[in-house]
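Scroll down for the structure; my scribbles are underneath it.
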């Protein structure tokens, strides 16, 4: 059995997802983003059909191509950086992202630090409000309101989880929909669900999954796609995005009987269940493309005492699939790249900068 | 092969969908709503297990039970009428529905007339604004704004389609989300998509489909459900509703290859494609339940020159399915019943009437 993977650099959907232009000096940018360095398939099975089209034929006895999220995310950040330079040169403005951090959780502090660094690297100005664990809802709302009113702030991100005494839904709803770069506002999700409507922002992780597929030349239209998990932040919006690209979607969750029978029919599987090694090799159709969103800690002898693994039993699946994302280095780096992308989209909209 | 259909009168989901209580004098109300008069299955195969539980065993060589939407809708309208009487007796208020009709389309006039009559029958006060074909957007907006501000109006329905010179999206967005009894506002759809969020209103036709399943005792949780069609007003929200009830959903549409292979796996099929006789007997798993939303005109020798048929090839499917809705008399009567239900929900919310 073989799988054919074709790049489609003219995809309208891709243009919608990513507002920035690709390098004008590289008409074959799709090939570059294939990250050939990490392709594990038998090179004799790979052939170029035309300058803009790459086909990879894989047989089931070869290993899957590794979709190198780290490298693709780096490429995207470079493109964003280029766009921000152009914006600054043309209109003297740069995007601004405000991050609101409540409390002293170490992991949240690390995430916020990473986001600020990523902003700095591409030229986005970052703003921060740091509040104590016992801050009041009013305190927090005051900061959000200030960022809502600040014209140099184009995106606001409230780092989750919040301390328990704060009403998460109420606080997230206070973020202006025009600055909801997380894309979690129900109005954004509603527009994402509806044909003929456009969300202002697409949630970062599912947007990153789709971008990985696009930049790996995986055709989505007309394909069977199965999403494992139906969370508000990944599974559900990932399914909606796949459907917007005209895939036929199925959503598998904890009430699904025999989920492997459904995933086994899929050309594309996105797993966002949060269960280590849930998706086995036997769950996958030969030649399918598998995107692993899971980041699950499992006990390990290393000094830290644990290591991170995905939802996908990688060693099994890479023997069956045509392409698969690793954990770490797959979807993870894309999330922050998409946050930067959403912030740029927001600033471009505000300044009507094309 | 046989199918077991059990009623579950305590379903929390049903309570959410329909705010009104069922008759206190009829502990076996679920049985009554089975509309036994129209069950075509072999009566020897039908047995009662307990007072509140009905099982219908069907073999593939019997004909499917006909889900009698007309009778179920009548039952619902009676329940709504009872609730409105109770509301009027208790707080001296009744729900109000405003219908906005633009232009002189005969079909729209008929729909509006039917809605007003249905309102009158259950005790909902109806209000109407009738505007000419060439009315301006400002005129129309003024009427919507007036109804938005009127505390005796709990639901506003703009009859579609609107004349072409009017911006439908803009006008529908002008309806207060608290009076959006059609449930089409993106904020409602967003909440419908999200776990842990509740829409203010659920779109009437898909809500009617789910209500037909509930009142026919069809279990949804854990079942494979396939929706044919992905429109904003039926297919997509129907899939979201099925998922909220913990079905495993797949959505089939015009880009789906071999749709019959997917529908054939489903325990529940809802077809809302708008294509006459699309769903053949060979598309259906023996024992499945089939809900036909299509209302398609086909040429006929009758005086009118056409007759209305569903998406489902009824004569074929009734030999395979365990239950099926007819066209007409299936989903159609439920839509208007759900409009009345949504208007009642809105009034109850405003008056905090339990």
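Protein chains in written order, with this note's numbering: chain D, 1 to 354; chain L, 1001 to 1354. Where is the CB? At the ideal position from N, CA and C, for every residue including glycine.
To the nearest angstrom, how far is the alpha carbon of residue i from that of residue j?
{"i": "residue 1207/L", "j": "residue 1249/L", "result": "16 Å"}
{"i": "residue 1325/L", "j": "residue 1069/L", "result": "7 Å"}
{"i": "residue 1214/L", "j": "residue 284/D", "result": "35 Å"}
{"i": "residue 261/D", "j": "residue 91/D", "result": "54 Å"}
{"i": "residue 1132/L", "j": "residue 1102/L", "result": "6 Å"}
{"i": "residue 158/D", "j": "residue 148/D", "result": "12 Å"}
{"i": "residue 1267/L", "j": "residue 1286/L", "result": "9 Å"}
{"i": "residue 1066/L", "j": "residue 1313/L", "result": "14 Å"}
{"i": "residue 327/D", "j": "residue 308/D", "result": "7 Å"}
{"i": "residue 76/D", "j": "residue 337/D", "result": "7 Å"}
{"i": "residue 311/D", "j": "residue 291/D", "result": "10 Å"}
{"i": "residue 1141/L", "j": "residue 138/D", "result": "36 Å"}
{"i": "residue 1265/L", "j": "residue 116/D", "result": "48 Å"}
{"i": "residue 259/D", "j": "residue 226/D", "result": "10 Å"}
{"i": "residue 1255/L", "j": "residue 146/D", "result": "46 Å"}
{"i": "residue 181/D", "j": "residue 190/D", "result": "15 Å"}
{"i": "residue 1118/L", "j": "residue 1340/L", "result": "8 Å"}
{"i": "residue 1351/L", "j": "residue 106/D", "result": "47 Å"}
{"i": "residue 1062/L", "j": "residue 1322/L", "result": "9 Å"}
{"i": "residue 1099/L", "j": "residue 1151/L", "result": "15 Å"}
{"i": "residue 174/D", "j": "residue 185/D", "result": "10 Å"}
{"i": "residue 72/D", "j": "residue 1223/L", "result": "38 Å"}
{"i": "residue 1246/L", "j": "residue 1202/L", "result": "17 Å"}
{"i": "residue 299/D", "j": "residue 1193/L", "result": "35 Å"}
{"i": "residue 1332/L", "j": "residue 217/D", "result": "44 Å"}
{"i": "residue 289/D", "j": "residue 209/D", "result": "11 Å"}
{"i": "residue 1220/L", "j": "residue 1064/L", "result": "18 Å"}
{"i": "residue 166/D", "j": "residue 179/D", "result": "21 Å"}
{"i": "residue 163/D", "j": "residue 1237/L", "result": "34 Å"}
Would you give the residue range spanned by the beta strand (DSSP E) that residue i belongs to?
{"i": "residue 1291/L", "result": "1289–1292"}
{"i": "residue 1250/L", "result": "1248–1252"}
{"i": "residue 1155/L", "result": "1155–1158"}
{"i": "residue 1101/L", "result": "1096–1102"}
{"i": "residue 1191/L", "result": "It is not in any beta strand (DSSP E) - residue 1191/L instead sits in the alpha helix (DSSP H) that spans 1186–1193."}
From what residue to what residue does the alpha helix (DSSP H) around residue i run?
{"i": "residue 307/D", "result": "Premise fails: residue 307/D lies in the beta strand (DSSP E), 306–309, not in any alpha helix (DSSP H)."}
{"i": "residue 85/D", "result": "69–91"}
{"i": "residue 1206/L", "result": "1204–1215"}
{"i": "residue 317/D", "result": "314–317"}
{"i": "residue 261/D", "result": "259–263"}
{"i": "residue 145/D", "result": "137–149"}
Report the three-state DSSP secondary structure of residue i (helix, strand or coil).
{"i": "residue 339/D", "result": "helix"}
{"i": "residue 349/D", "result": "helix"}
{"i": "residue 244/D", "result": "helix"}
{"i": "residue 1198/L", "result": "coil"}
{"i": "residue 1270/L", "result": "strand"}
{"i": "residue 1173/L", "result": "helix"}
{"i": "residue 297/D", "result": "strand"}
{"i": "residue 281/D", "result": "helix"}
{"i": "residue 1126/L", "result": "strand"}
{"i": "residue 1131/L", "result": "strand"}
{"i": "residue 4/D", "result": "Because residue 4/D carries a pLDDT of 28, less than 50, the predicted location of this residue cannot be relied on, and no value is offered for it."}
{"i": "residue 116/D", "result": "helix"}
{"i": "residue 225/D", "result": "strand"}
Closest to residue i by CA distance: which of the options is it?
{"i": "residue 1112/L", "options": "1150/L, 1161/L, 1065/L, 1137/L", "result": "1161/L"}
{"i": "residue 1195/L", "options": "1168/L, 1236/L, 1244/L, 1222/L", "result": "1244/L"}
{"i": "residue 354/D", "options": "73/D, 87/D, 79/D, 77/D", "result": "87/D"}
{"i": "residue 1232/L", "options": "1225/L, 1199/L, 1272/L, 1221/L", "result": "1272/L"}
{"i": "residue 1275/L", "options": "1228/L, 1237/L, 1288/L", "result": "1228/L"}
{"i": "residue 348/D", "options": "154/D, 257/D, 81/D", "result": "154/D"}
{"i": "residue 343/D", "options": "319/D, 122/D, 236/D, 316/D", "result": "122/D"}
{"i": "residue 1197/L", "options": "1306/L, 1269/L, 1241/L", "result": "1241/L"}
{"i": "residue 1144/L", "options": "1165/L, 1183/L, 1171/L", "result": "1171/L"}
Residue i CB to nearest chain C CB: under 8 Å?
{"i": "residue 243/D", "result": "Absent from the structure is chain C; the protein chains it does hold are D and L."}
### Query
Taking any Cβ of chain L, which residues in the segment 323–354 of chain D have a Cβ under 7 Å from it, in chain order?
none
### Under 9 Å (Cβ pairs) to chain L, residues found in the segment 246–273 of chain D
246, 247, 248, 249, 250, 251, 252, 253, 254, 255, 256, 257, 259, 261, 262, 265
### Message
Please list, in chain order, the residues of the segment 1181–1195 of chain L that have any C-beta partner in chain D closer than 9 Å.
### Response
1184, 1185, 1186, 1187, 1188, 1189, 1190, 1191, 1192, 1193, 1194, 1195
### Task
Can you give me, in chain order, the residues of the segment 65–95 of chain D that have a beta carbon less than 8 Å from any beta carbon in chain L?
none
### Residues of the segment 117–148 of chain D whose Cβ lies closer than 8 Å to any Cβ of chain L, in chain order
none
### Query
Which residues, in chain order, does the segment 163–183 of chain D contribute to contact with chain L at a C-beta distance below 9 Å?
169
### Query
Residues in the segment 1210–1227 of chain L with C-beta within 7 Å of chain D's C-beta atoms, listed in sequence order?
1221, 1222
#### Entry: Against chain L: residues of the segment 94–114 of chain D by CB proximity under 9 Å
none
### Query
Listed from N- to C-terminal order along the chain, which residues in the segment 278–292 of chain D have their beta-carbon within a distance smaller than 7 Å of any beta-carbon of chain L?
none
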